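*Asks:* In our numbering, the protein residues as written are 11 to 374. Built from N, CA and C at the ideal position, the CB exists for glycine as well. Only a predicted model underlies this, so the values are computations on that prediction, with no experimental measurement involved.
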Amino acid sequence: SPIDLRFDWADAQCFEYHQIRSKPGEWGITNPKVEKQILPSKLRFTYPRKFDGDFGDASENDQVKGASADLPKQWGHQLPVLHVDVKIPSEHWMEGKQYAAEYQINLIQNREEKRRGAPVISVLFDIHPEEEDHHRIGQMIDEFQKVYDADLAECEDFRRKQRRLGAWADDTLGAGSKIAEEARSTWLDEPVEEETKFRENLTNLRRRAQEFRRWNPFHETIVRTIWFYGYEGSLTEPPCSEFVEWRIMLEPALISSRQLFQMKNILFNHVDGKCQRTSVHSTELGVARPIQNYEGRDVYQCMCRDFIADKDRDEYGENRCLWTERDQFGFNKDKYTQDWYRSHHKYETIEDYWKDNGKPHWAS
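Here you go:
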């Protein structure tokens, strides 16, 4: 992983039988227990693994307090979200196009008896044709901006301490020492009020990073469709281990160019508390791993003949769309033809597929 997802290249069968059933959980993105990080190759917020009260570890119960999702194809339990990453630009491509960014919801299997690969739900970000901001993505960006601003303030605090050390060296060692000369003009002339003002601002920035706000990583304006491409692939960073089950949603979320620029600035220009740049981005690729060859990998696409939205099932009277009505669910009849469907749905059930191809270890 990643790969370029193309309709004509996805020739495996979708065995998913219901939509991804997500829950927002009780942890808001601003909760201090949800850690926001500006890492060298990504923006990340991480949900806690432990639960409050009498709940145990995620491997012992289903009382998931953070965001979670029930995935089809025999995962068996509501899976906790471990962390959400934002990569710039997108790592996966779709139909030969690389997108502005990629938003990856990483879940964790929390049952030993069902242990299998790590599922990731991925949403590509595109630029809104009217340059409209995305409100909820904006809330997420605000949280990373707080971390960026706080780290920048810590950097300035570090520099001030260095200048204070320089001033001390001037008094102790005398003018002419290297550290004293570097600090003298910027520290000794600064009024006391400036230091007070800086300290107040630093305290305010630290406090802002702990404010609370409800936020759903699966919100319908972010995950805009229930259908997706799926395949078994790898991590996109070293050691690039092959244990990830990817689901890349068919519709991108829309953000503004201004929001993309802000995310780029936060990720690419971030400095830590000692004023060291942290990003590993390249001018050509940003932080995205180059796309990889399929290498015989089975890639499938799910559509309304596989399942429809839970909210539509009772009214529609079926768990999937009628073949003659697929265009009403957004699937073009000229593209999704009967020949295509027959060639991509050769088996009635996944058990029939396993009879011919063998069971995976987690289904044994």
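Please identify the residue among 76, 345, 81, 75 whose C-alpha is closest to the C-alpha of residue 27.
*Replies:* 81
*Asks:* Return the CA-CA distance between residue 339 and residue 321, expressed in angstroms with no decimal places.
*Replies:* 14 Å
*Asks:* Just how far apart, CA to CA, sit residue 115 and residue 14?
*Replies:* 19 Å
*Asks:* If residue 22 sits next to residue 239, beta carbons under 8 Å apart, how far is it from one beta carbon to the other, in whole angstroms?
*Replies:* Actually they do not touch by this definition, with Cβ atoms about 10 Å apart.
*Asks:* Between residue 357 and the rest of its own chain, which residues show a CB-CB distance below 7 Å, the 5 nearest in sequence each way excluded?
*Replies:* 23, 363, listed in sequence order.
*Asks:* Cβ of residue 46 less than 7 Å from any chain D Cβ?
*Replies:* The structure shown contains no chain D; it holds only a single protein chain.
*Asks:* Is the beta carbon of residue 32 closer than 7 Å to that of residue 228?
*Replies:* yes
*Asks:* From the DSSP output, which residues share a beta bridge with residue 116?
*Replies:* For residue 116, DSSP records a beta bridge to 93, 130.
*Asks:* Assuming residue 100 and residue 134 form a contact by the criterion Cβ under 8 Å, report the distance between their Cβ atoms to the nearest whole angstrom.
*Replies:* 5 Å
*Asks:* Please go through the same chain and pick out, in chain order, the residues whose beta-carbon is closer than 7 Å to the beta-carbon of residue 346, but skip the five residues on each side of it.
*Replies:* 313, 336
*Asks:* Which residue marks the beginning of the beta strand (DSSP E) containing residue 352, and which one marks its end?
*Replies:* Element bounds for residue 352: not the beta strand (DSSP E) but the alpha helix (DSSP H), 348 to 354.
*Asks:* Quick one: what does DSSP say residue 102 is sitting in, helix, strand or coil?
*Replies:* coil
*Asks:* Have a look at the DSSP bridge pairing and note the partners of residue 296.
*Replies:* 292
*Asks:* Report buried or exposed for residue 84, applying the criterion of at least 16 other Cβ atoms within 10 angstroms of its Cβ.
*Replies:* Exposed, since its Cβ has fewer than 16 Cβ neighbours within 10 Å.
*Asks:* Mapping DSSP to helix, strand and coil, what is residue 71?
*Replies:* Because the pLDDT at residue 71 is just 43, under 50, the model does not fix this residue reliably, and the value given afterwards should be weighed accordingly. It is coil, neither helix nor strand.
*Asks:* Quick check: residue 254 and residue 127, are their CB atoms within less than 7 Å of each other?
*Replies:* yes
*Asks:* Mapping DSSP to helix, strand and coil, what is residue 240?
*Replies:* strand
*Asks:* Would you mind giving the Cβ-Cβ distance between residue 263 and residue 147, rounded to the nearest angstrom? I have them listed as a contact below 8 Å.
*Replies:* Between residue 147 and residue 263 the Cβ distance is about 7 Å, and since that is below 8 Å, they are a contact.
*Asks:* To which residues of the same chain is residue 308 closer than 6 Å at the C-beta, ignoring the five residues directly before and after it?
*Replies:* Closer than 6 Å at the Cβ level, and outside the excluded window around residue 308, lie 22.
*Asks:* Quick one: residues in its chain with C-beta nearer than 8 Å to the C-beta of residue 10, no 5 flanking neighbours on either side, listed in chain order?
*Replies:* Because the chain is modelled from 11 through 374, residue 10 falls outside the range shown and cannot be assessed.
*Asks:* Helix, strand or coil for residue 63, going by three-state DSSP, please let me know.
*Replies:* For residue 63, the pLDDT reaches just 43, beneath the cut-off of 50, and the residue's location in the model is therefore unreliable, leaving the point undetermined.
*Asks:* List the endpoints of the continuous alpha helix (DSSP H) containing residue 361.
*Replies:* 360 to 367
*Asks:* Can you tell me whether residue 156 is helix, strand or coil according to DSSP?
*Replies:* For residue 156, the secondary structure class from DSSP, reduced to helix, strand or coil, is helix.
*Asks:* Would you mind stating whether residue 111 and residue 98 have Cβ atoms separated by less than 7 Å?
*Replies:* yes
*Asks:* So if DSSP puts residue 251 in a beta bridge, which residue, or which two residues, is it bridged to?
*Replies:* DSSP output for residue 251 lists no bridge partner at all.
*Asks:* Could you tell me which residues DSSP pairs with residue 266 in its beta bridges?
*Replies:* Residue 266 pairs with nothing; no bridge assigned.
*Asks:* In or out: residue 250 buried (at least 16 other Cβ within 10 Å) or exposed?
*Replies:* exposed
*Asks:* Give me, in chain order, the residues of the same chain whose beta-carbon lies closer than 7 Å to that of residue 43; leave out the 5 immediate sequence neighbours on both sides.
*Replies:* 37, 58
*Asks:* In this structure, does DSSP put residue 163 in helix, strand or coil?
*Replies:* helix
*Asks:* Using only the alpha-carbon positions, how far apart do residue 141 and residue 268 sit?
*Replies:* 8 Å
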